[in-house]
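Peer 1:
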Amino acid sequence: MSRSEYRGKTDKLRIFQINTRKLVGARDELINNLSPDDWDIVAIQEPALNKVENIQVTRHWQVFYPCTKPNDNHPKLRATTLVNARISHCVQINVASSDILAAHLDGQRPRGQRPQSIWLGDFNRHHQIWESEANSNLRSSAEKITPLLDLIVEHGMQQLLPAGIPTRIENKSETRPDNVWATEECNTWPEWKPNTTDHVPIVTIIDTEIERSSEEAWPNYKRTNWEKFQEGIETAIKEDRTLSLEPKTVEELEAAVDALTGHIQNHLQATTPTSRTNTFQKPWWTNKCKEAHRRKCRAYTESRRWRATPEHPSHQTYRAAQEDMKQVRTDPTSQDQRHAHPVRGGESGSSSRGILPPPPSLGPVQPTRRPHQLPEWRPYTVERIRRAASHLKRDKAPGPDGIPNAAIQEALPSIKTVLTNIYNAAMRLRHIPKQWKVSTTVVLRKPGKPAYNVAKAYRPIALLNTLGKLLSALMAEDISYLCEQHQLLPKSQFGGRPGRTTTDALHLPTCEIKNAWRKGKVVSALFLDIQAAFPNVVKPILVENMREKGIPETYVQTIEDMLTGRTSRLKFDGTHSELRPIANGNSQGCPLSMILYLFYIAPLLEIANREDQRTIGFMDDTTIIAIGSSFTETHSTLKEMMERPGGVLDWSYRHNSPLEISKLALIDFTRSTNKRTESTALTLNTHNVHGVSTPAIISPSKSYKLLGVILDNQLRWNKHEELVHARAVKWTALFSRIHRTLHGLPIRMGRQLYKAVAIPRIQYAADLWYTPPHASTNETKRAGSVAVTNKLQGIQRRATIGITGALRTTAGDALDIHINLLPIEVSLGLACRKAAARLASLPNTHPLSKFVKQMWKGKVQRHNTPLHYLFHTAGIDIASMEKIDPSLKNPNLAYPFKLTIDKSRELAIERDKEISTQDVAIYTDGSGMEGMISAAAVLYRNGRRVKTVRCLLGTDTQHTVHEGELVGIALGVHLAKSIPAKVAKVNISLDNQAAIQSITHLGANAGQHVVARIVKELESLRAGRNRRNATKSSKDQLSVQRALRIEFTWVPGHEGVQGNEAADEEAKKAITEGASGLSEHPKWLRKPLPSNLSAAKQECKRLAKEEARELWSNSKQFNRMSKIDETMPSGRYLKLTDKLPRRDAALLIQLHTGHIGLNGHLNRINRADSPWCPHCGERNFENLTHILYICPKYREARREWERSLQEKTEDLKEVLGSEEGIAETLKFLRKTGRLRTRRTGKEG
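Numbering of the sequence shown is given in full-length UniProt numbering, commencing with residue 1 and proceeding in unit increments.
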């Protein structure tokens, strides 16, 4: 049998046997050539072990040693066995010998047949039964050969290796010390002899099936050959005639989807390699596995440290840790007993049923009368498809068809027309293809659950086919626009809507509560917990809710068909279930899932119908609020809202959304001690599944965690500050594990990791719970969140010590300034200022808008809200801030212009040469200079400059250059409207690609009002020009006349393009000489523009940097550091340490700060008995200056240092602040040996 015939076979047991004669070269050659795809068992005789009596292999092998350890009779281990890690059940059998190793494998055998055995190894016995005729003189003595022959006869073993085949070749002498016996016959095959051993390997292949763990291979799309893929798709689409036209029937639609999917799958398979899942990504990798692996790693580190001492006990500890790790992985009794397999089912057998619940037995849904008709669906265009595909995330997991988003984006030039036809056909036919209704439901464990044998402990995520998800994304965009434009959803719903955040959903209840407190009232809030919100959605109710809101029937019926006839496979721990029908629920993972659930839960948020009632929601996290004079009154209101017909409990039953009664939380909000004593439990009459009424008693809680923020009953935020502090301590402790003085991440990477992971978690909802420290009215002490600021600053100090490698006594502000990290006080203040700027830009339709306007006016005497403190400290002027409205983004808007951006500057310049000679060519530009922002536009007719208009927007604290570019475009459109003659085409050129692209994205971005004006003016320009042409043309001419064409073209700046240079010059003139007359501007530009949100945020950053610089200038460390680097705070130190190894970077920060392992500093922190230099005696204080310039001990090293740096040695800015000086200084210090640290990396 050849090697290729048995490679990867699961129905064969493949055994490789070799004697390495204790040769290291033979061992290394063997291990390097072993592949788990080739062999199941590798039996090694006389292995070459290391000093600690073991052998190191890759993770693909399990290593077994003889049970009896070496002793006086057996000083060395003479056998070891490697078993493929994919073999699930392999148990070692205890044999009292250091030469013999036995193991038991579970395999497939016919019923009634006894277990089979195989013996193999270097028996070192000679007999005529197996020796060749040439070795007839070789005979082992009777006392040695008889026991072996007796065992063979007793157990009915057969010799597998045919007689006469030698297994050892030495000096032309061929002998047979190695043998193989088994209870059944099988073929044998000797080959693969290592170069350094004289034993010939023996390969045994047994026809038996051994249970192996499946290591699932998955396509690695990051290594796909996309060029080859694109070529194949382009050819296949051109040759397939079924994809050339839009499908007219359901059958044609199904065929087109099948054909397109097949082409993409075939070419993906041909161009994509595969990879395998890492062990640590397996769901069965439990906490016990993690702890055992951690103990093994620690034991390995200690064992390796003592590798030169074989008798050290750390080696035995490492072996024990290895065995413990192996037992935890293979012994099912050691696994987490709380874990149940949701695909196969746990003890209850209901896990999978709970993940895909059946529909409830509810009564028929009553059809509702539709309100006013909303705009109907408009066919999708190729540009709309291209724009939607460009927003896809490339690395999202694909669905059952295996097509990732990256494949759609790469194939889009060839399939965009096909996709447009398919999507339009699906909407017209109101039919979703069958392929797109099949999904894979990945079952994820929710962290921190007490038990995992119930379905609610898992989160099902649907992996849908990406071609269908793109259509879902298009529909979701359309429906979201309709909801925002026509205010279809409850105003108090914050989840899944553009322009709304979790902090908005937290600000609203705090404002309502404190408003009630000012009126002398109290507030009670009941926080609802809805079980399995998405899986329990009932399709008929969802459809009727959408119809009740007036959603066009095209969307409603298409979504209804999408939710009909769905099937899914559950996937958990590499196990796939059979296809199961989905008759209920909303696929969590579909782009439509969020907006559909908002329609489903909308009736719940509309329950509040009185002035003393509020409902606030963020997706399924819903809070009902009651306001009253006493808690008795508020509790009565809550009870009425819960129990009345059409109330919360009624909604819960009718919408198949049961409440987790045990998780309902009640908080009575008040700061009055007297009223707090009136707080009692709330009793609700709930009904179980059988309709039996059961009372539920809900006791008031002191706090509740909502959307990651802890609300306490007095809104003091102390509990949440403790939570933030605990989070910060946790993440800082994790940083200490990857940073050491002598090893760890580079400084820049550590800083980046800290800013990306720890800082966002600390800053979350800071505008709610944090008040930046500021001077109080009596000026005796600072007001604000001073205490928590000091705690967090101390935590950041510990993090920066780990990042830089500084000593633990180093001042935190010195470390912050070195790595250009904002102090925590400034960082949190910056987060609050940015939040204030965003809140100031909220439109009037936002629920917080009225509160922002009230609280911006100033603080009140009692019960100030977080918004009061926010605007009091931020200094944001909401009156002049632009308002950003998410409802302006119409995805179906057909833009009356074309965008052209060439791939290279050379092509753009060549194109401009043609444009400049056209009838109408307009060049625009925006400029920022001397703290001002301006814009200009220049009109050319047939290559001749005709007209210019300039505009001065204002200061760069209120406007940005990007906004100036947009205003320049608006001026260009205004010039085009002023042309009296008939023109066929208008070309507007500018050198800012972002500005060109932004005019097609009327989203919730800064400068939105300018983009909206540009689009409106363009529509007016085209409509007015077409009407003018129609009045001047005859009917015959109208039949052939083309509409006005408008094109925006990118032209590279500062390349000598005449029109662009003229526009740039005019924009700068607007700053130096002033703007054009107001009569030359559009009407909306004749009054000051509102402040730009991006400019406001940039100003916040600038103020934060100034504040950090001021704090640093007042620091005790400032004078010392300024002698080394005057530019701090800056990124200069990071650049200096980028090329330094970790050891040198840690030493450099110690040199900069003076906190270093010299006696002068060590004595100050009680780590040295004397501050004097050990070489110079008393009165010679040992510090950096003494080492560098004075100590005679280092005279020779100092001469070479001075020779290299010459006069630069007298300037610390050169010695410790330049690349050359740092390199030579570190070289000098290494030669002295004075600052040589131990390999442990500890201080001193």
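Built from N, CA and C at the ideal position, the CB exists for glycine as well.
What is the DSSP secondary structure of Gln230, reduced to helix, strand or coil?
Peer 2: It is helical.
Peer 1: Three-state secondary structure (DSSP) at Gln714?
Peer 2: Gln714: coil per DSSP, three-state reduction.
Peer 1: Excluding sequence positions up to five away, which residues of its chain have a Cβ less than 8 angstroms from the Cβ of Ser1039?
Peer 2: Caution applies to Ser1039, whose pLDDT of 32 falls short of 50 and renders its modelled position unreliable; the value that the coordinates give is listed next. Excluding sequence neighbours, Ser1039 sits near nothing in its chain.
Peer 1: Take the Cβ of Ile18 as the centre, count every other Cβ of all protein chains shown within 10 Å, and call the residue buried at 16 or more, exposed below.
Peer 2: So Ile18 counts as buried.
Peer 1: At what residues does the alpha helix (DSSP H) containing Asn1159 begin and finish?
Peer 2: Its alpha helix (DSSP H) spans residues Asn1159 to Arg1164.
Peer 1: Here's a check: name, in chain order, each residue in its chain whose Cβ is nearer than 6 angstroms to the Cβ of Arg394, leaving out the five neighbours to either side.
Peer 2: Taken in chain order, the residues that qualify are Asn405 and Ala406.
Peer 1: Which residues mark the beginning and the end of the alpha helix (DSSP H) in which Met594 is found?
Peer 2: Unbroken alpha helix (DSSP H) run through Met594: Ser593 to Leu605.
Peer 1: Could you work out which residue in Asp324, Thr301 and Lys326 is closest to Ser314 when comparing CA atoms only?
Peer 2: Ranking the options by Cα distance to Ser314, first place goes to Thr301.
Peer 1: My output table needs one value for Gln45: the three-state DSSP class, helix, strand or coil.
Peer 2: The answer is strand: DSSP assigns Gln45 an E or B state.
Peer 1: Among the residues of its own chain, which have a CB less than 8 angstroms from the CB of Leu792, if the five just before and after it don't count?
Peer 2: Excluding sequence neighbours, Leu792 sits near Val724, His725, Ala728, Ile762, Ile824 and Leu828.
Peer 1: Can you tell me whether DSSP reads Gln613 as helix, strand or coil?
Peer 2: In this structure, Gln613 counts as strand in the three-state DSSP scheme.
Peer 1: Check for me: the beta strand (DSSP E) holding Ser978 runs from which residue to which?
Peer 2: Per DSSP, Ser978 belongs to no beta strand (DSSP E) and is neither H nor E.
Peer 1: Please classify Gln337: does DSSP put it in a helix, a strand, or coil?
Peer 2: Here Gln337 scores only 42 on pLDDT, less than 50, and its place in the model should not be relied on; the value that follows carries that caveat. Gln337: coil per DSSP, three-state reduction.
Peer 1: Between Val949, Val443, Ala1004 and Thr1049, which lies nearest to Ile996 when the distance is taken from Cα to Cα?
Peer 2: Ranking the options by Cα distance to Ile996, first place goes to Thr1049.
Peer 1: With Trp1050 as the anchor, note down where its beta strand (DSSP E) starts and where it stops.
Peer 2: Trp1050 -> beta strand (DSSP E) spans Arg1045 to Trp1050.
Peer 1: Examine the Cβ distances between the stretch 856 to 868 and the stretch 1008 to 1021 and report whether three or more of them are shorter than 8 angstroms.
Peer 2: Because the criterion of three Cβ pairs below 8 angstroms is not met, the stretch 856 to 868 and the stretch 1008 to 1021 do not touch.
Peer 1: Please work out which residues of its chain come closer than 7 angstroms, Cβ to Cβ, to Glu1224, disregarding the five sequence neighbours upstream and downstream, and give them in chain order.
Peer 2: Excluding positions up to five away in sequence, the list reads Trp1201, Ser1204 and Leu1205.
Peer 1: Measure the alpha-carbon distance for Leu1235 versus Thr741 and round it to whole angstroms.
Peer 2: Going from the Cα of Leu1235 to the Cα of Thr741 covers about 13 angstroms.
Peer 1: Compute the Euclidean distance between the alpha carbons of Pro498 and Asp668, then round it to the nearest angstrom.
Peer 2: For Pro498 and Asp668, the distance between alpha carbons rounds to 32 angstroms.
Peer 1: Along the chain, which unbroken stretches of the alpha helix (DSSP H) at least 4 residues long are found entirely within the stretch 429 to 487?
Peer 2: Those alpha helix (DSSP H) runs which fall completely within the stretch 429 to 487 and span 4+ residues are 466 to 486.
Peer 1: Less than 8 angstroms between the C-beta atoms of Val986 and Val1051, yes or no?
Peer 2: No, the pair does not count as a contact, with Cβ atoms beyond the cut-off.
Peer 1: Give the DSSP-derived three-state secondary structure of Asp37 in the structure shown.
Peer 2: Asp37 falls in the coil class under three-state DSSP.
Peer 1: Determine the direct distance from the alpha carbon of Ala79 to that of Ile44, and round the result to whole angstroms.
Peer 2: Distance between the alpha carbons of Ile44 and Ala79 is about 6 angstroms.
Peer 1: Between Leu975 and Ala937, is the Cβ-Cβ spacing less than 8 angstroms?
Peer 2: Yes; because the gap between Cβ atoms is below 8 angstroms, this pair is in contact.
Peer 1: Going by DSSP, name the residue or residues bridged to Pro695.
Peer 2: Per DSSP, Asn685.
Peer 1: Determine which residues share a DSSP beta bridge with Ile582 and list them.
Peer 2: BP columns for Ile582 point to Arg566.
Peer 1: Drop a sphere of 10 angstroms on the beta-carbon of Glu227, count the other beta-carbons inside from all chains shown, and report buried for 16 or more, exposed for fewer.
Peer 2: Exposed: under 16 other Cβ atoms inside 10 Å.
Peer 1: Give the single residue among Ser1091, Phe851, Ile795 and Lys446 whose Cα lies nearest to the Cα of Ala879.
Peer 2: Ala879 has its Cα closest to that of Ser1091, out of Ser1091, Phe851, Ile795 and Lys446.
Peer 1: Going along the chain, which residues of its own chain have a beta-carbon closer than 7 angstroms to the beta-carbon of Ile1149, five neighbours each way excluded?
Peer 2: Only Thr804, Gly805, Ala806 and His818 meet the Cβ criterion.
Peer 1: Measuring alpha carbon to alpha carbon, tell me which of Ile1222, Asp1211 and Ile1187 ends up nearest Thr1232.
Peer 2: Taking only the C-alpha atoms, the option nearest Thr1232 is Ile1187.
Peer 1: Exposed or buried, what is His1152 when buried is set at 16 or more other beta-carbons lying within 10 Å of its beta-carbon?
Peer 2: The residue is buried, with at least 16 neighbouring Cβ atoms inside 10 Å.
Peer 1: Please report the Cβ distance between Leu664 and Leu526, rounded to the nearest whole angstrom; I am assuming they are in contact, meaning their Cβ atoms lie under 8 angstroms.
Peer 2: About 6 angstroms separates the two Cβ atoms, so the contact holds.
Peer 1: Near Asp620, what residues of its chain come up, given a Cβ to Cβ distance below 6 angstroms and the 5 sequence neighbours on each side ignored?
Peer 2: So the qualifying residues of the chain are Ile530 and Ala533.
Peer 1: Would DSSP call Pro313 helix, strand or coil?
Peer 2: Pro313 falls in the helix class under three-state DSSP.
Peer 1: From which residue to which residue does the alpha helix (DSSP H) around Ser652 run?
Peer 2: Taken as a continuous stretch (DSSP letters only), the alpha helix (DSSP H) holding Ser652 covers Val648 to Arg654.
Peer 1: Contact between the stretch 541 to 556 and the stretch 703 to 713 is defined here as three or more beta-carbon pairs at a separation below 8 angstroms; is this criterion met?
Peer 2: Too few Cβ pairs lie closer than 8 angstroms, so no.
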